[in-house]
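J.:
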Amino acid sequence: MLSNFSLRTLIYLSVVSFLLGCTQKMNDVGSSLSEAFSASDDVTLSQEEISSLPYASTYVRINDGRQVFMVLAFADLNPTTGNTQLKWASADGSMIATEQGRIVKTLGFDGSNLINITGKGISTGIITDSQWSAVYDWSPDNRYQFSASVNSTFIKREAISTNQWTLETNKIDEHVNFGELNEAFTNSYWITDAGETMKSIQYIGPNMNKFEMTILKTFAPAR
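Position 164 (the sequence shown) corresponds to 160 in our numbering; numbering is contiguous.
1) Along the chain, where does the alpha helix (DSSP H) containing S47 start, and where does it finish?
2) Across which residues does DSSP place T120 in a beta bridge pair?
3) For H171, which of S126, T158, I211 has the nearest alpha-carbon?
4) Identify the continuous beta strand (DSSP E) that holds K95 and give its terminal residues.
5) Rounding to the nearest angstrom, what Cα-Cα distance links D88 and L103 in this structure?
6) Quick check: what's the CA-CA separation for T149 versus Y51?
7) Name the residue from F105, T77, Q43, E192 whose alpha carbon lies nearest to the alpha carbon of S86.
8) Note down, in chain order, each residue of its chain lying with its Cβ closer than 8 angstroms to the Cβ of N74, except the 5 sequence neighbours on either side.
9) Could you tell me whether the segment 130 to 144 touches the segment 155 to 162, using the rule of 3 or more Cβ pairs below 8 angstroms?
10) Are the beta-carbon atoms of K213 and S53 separated by less than 9 angstroms?
11) Compute the Euclidean distance between the alpha carbons of S119 and L49, then round it to the nearest angstrom.
12) Please report how far the alpha carbon of G121 lies from the alpha carbon of I187, in whole angstroms.
13) How about F207 and I92: do their beta carbons lie closer than 9 angstroms?
14) What residues in its chain sit with their C-beta under 7 angstroms from that of A216, if we drop five residues either side in the sequence?
15) Under the rule that 16 or more other beta-carbon atoms within 10 Å means buried, what is V230, buried or exposed?
16) Between which two residues does the beta strand (DSSP E) holding V39 run?
17) Going by other Cβ atoms of all chains shown within 10 Å of its Cβ, with 16 needed for buried, is A69 buried or exposed?
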């Protein structure tokens, strides 16, 4: 019998093989996310192409660059937060981990990557009019234990859409302030009444990469 590690590795390899082994258009879709920093043409899939894929999927735009495509490789329970952590992968091994729509880890991107973020807001999710303290860790250079105050505010009701769906959402802005660094940034989330984050614009740290994520096909846990 395969160990959990072996099974997870096979699942991940199947996702990467899927991205690498499709048609030419899909091969371009699953290409290296490093192209997102330099290429100019957005990747856009048709409704039929997205619906036919066997994985949850998302568009990602990095630093206002090219729109790229990622698929869900893993969905694991995080015992620390009690949330399901989703790991979105590209063909070159770059990965974004999210919990309830919040980016909690990145891997394989140019510049800085987020190693971890902790705080009670990770467990409770993105809710309006909340205040909490977060601790960020980044790589490279082993930058650990940077504290930030986080304040979220309801902005407005807003309809957003892709070629897959049109939804009414609550836009929530989250102001993240690093007092010791004298730096701050604002993240934005578009969340349905059911609590699903369908779109977000998030920074992984001050003066670091900005990620815009738009969910195309949501994750449906096995029953």
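The beta carbon of each residue, even a glycine, is placed where N, CA and C say it ideally should be.
T.: Reading from the atomic positions:
1) Looking up residue 47 in the sequence shown gives position 51. 43 to 48 is the extent of the alpha helix (DSSP H) around S47.
2) As a first step, residue 120 is located in the sequence shown; it is residue number 124 there, counting from the start. None; T120 has no bridge partner.
3) On the sequence shown, residue 171 is found 175 positions in, with the first residue counted as 1. It is S126.
4) Here the question's residue 95 lines up with position 99 in the sequence shown. Per the sequence presented here, residue 95 reads as Glu, with Lys not at that position. Taken as a continuous stretch (DSSP letters only), the beta strand (DSSP E) holding E95 covers 91 to 95.
5) Translated into positions along the sequence shown, residue 88 becomes position 92. Translated into positions along the sequence shown, residue 103 becomes position 107. Straight-line Cα distance between these residues: approximately 11 angstroms.
6) Walking along the sequence shown from the start, residue 149 turns up at place 153. Walking along the sequence shown from the start, residue 51 turns up at place 55. Roughly 32 angstroms separates the two Cα atoms.
7) Taking the first residue of the sequence shown as 1, we reach residue 86 at position 90. Checking every option, the nearest Cα to that of S86 belongs to F105.
8) Residue mapping note: residue 74 aligns to position 78 of the sequence shown, counting from 1. Excluding sequence neighbours, N74 sits near T80, Q81, E95.
9) no
10) As a working note, residue 213 is residue 217 in the sequence shown. As a working note, residue 53 is residue 57 in the sequence shown. Contact flag set, yes.
11) By one-based count along the sequence shown, residue 119 stands at place 123. By one-based count along the sequence shown, residue 49 stands at place 53. Distance between the alpha carbons of S119 and L49: 30 angstroms.
12) Indexing the sequence shown from 1 puts residue 121 at position 125. Indexing the sequence shown from 1 puts residue 187 at position 191. So the alpha carbons of these two residues sit roughly 11 angstroms apart.
13) Here residue 207 is taken as the residue at index 211 of the sequence shown, counted from 1. Here residue 92 is taken as the residue at index 96 of the sequence shown, counted from 1. For F207 and I92, yes; Cβs fall inside 9 angstroms.
14) For the purposes of this step, residue 216 is taken as residue 220 along the sequence shown, with counting starting at 1. Taking A216 as the centre and dropping the five residues before and after it, the same chain places no C-beta closer than 7 angstroms to its C-beta.
15) Outside the displayed span of the chain (-3 to 219) sits residue 230, for which this structure offers no information.
16) In the sequence shown, the residue the question calls residue 39 occupies position 43. Where V39 is concerned, there is no enclosing beta strand (DSSP E), given that its DSSP letter is neither H nor E.
17) Start at 1 with the first residue of the sequence shown, and residue 69 comes out as number 73. With 16 or more other Cβ atoms within 10 Å, it is buried.
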